[in-house]
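Residue numbers (the numbering used here): 3 to 121.
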Amino acid sequence: MSKTSRTYEIIEKSGEFAINVIADNQLDLAKKFGGAHGHELDKFKEFDVATEPASKIGGSLLSGCFANIECRVISSVRDLQGNHAVCIGEVLSFKMNEGLRPLVWLKNRYFRVGTECRL
Numbered sequence: 003m004s005k006t007s008r009t010y011e012i013i014e015k016s017g018e019f020a021i022n023v024i025a026d027n028q029l030d031l032a033k034k035f036g037g038a039h040g041h042e043l044d045k046f047k048e049f050d051v052a053t054e055p056a057s058k059i060g061g062s063l064l065s066g067c068f069a070n071i072e073c074r075v076i077s078s079v080r081d082l083q084g085n086h087a088v089c090i091g092e093v094l095s096f097k098m099n100e101g102l103r104p105l106v107w108l109k110n111r112y113f114r115v116g117t118e119c120r121l
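Pasting the structure below:
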């Protein structure tokens, strides 16, 4: 992620993060979050997003997701120019909603996971 992003600032300060895997019925939420930047507005308040308390880290998780993953930062890798970083985390909690399917972002498009493929 960009080292100038609000997300990076929060992760660097707290040493923890959550990964919320959006469900395929949350396409509108994905579009809203993807089209706005945290420095400009508080996405959770602006979009009236339902949240729930995290169990292992501070902060909140998005409600109704396919999966929520709570992590503690164990390492951070920066690119050669120092503009971006990847945070490596230890998973502290993993919750998956078996009744939902994930929304996938691939080649600048959203997809729903479909039928099983076998060799």
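For glycine and all other residues, C-beta sits at the position ideal for the given N, C-alpha and C. It should be emphasised that the depicted structure is a prediction, and the values quoted were computed from it without experimental measurement.
Inset, instruction - May I ask you to report which of helix, strand or coil DSSP gives residue 6? - result: coil
Inset, instruction - With residue 29 as the anchor, note down where its alpha helix (DSSP H) starts and where it stops. - result: 29-36
Legend entry - Other residues of its chain near residue 3: CB distance less than 7 Å, five sequence neighbours each side excluded: 9, 10, 86 and 87
Inset, instruction - Write down every uninterrupted run of the beta strand (DSSP E) in the stretch 45-101 whose length is 3 residues or greater and which is fully enclosed by it, in chain order. - result: 53-55, 62-64, 69-80 and 87-98
Inset, instruction - Please check if any C-beta of chain B sits within less than 9 Å of the C-beta of residue 100. - result: Absent from the structure is chain B; it holds one protein chain and no more.
Legend entry - Boundaries (first-last residue) of the beta strand (DSSP E) holding residue 21: 18-23
Legend entry - Contact the stretch 14-22 vs the stretch 52-70: 3+ CB pairs below 8 Å: yes
Inset, instruction - With distances taken Cα to Cα, identify the nearest neighbour of residue 105 among 13, 26 and 31. - result: 26
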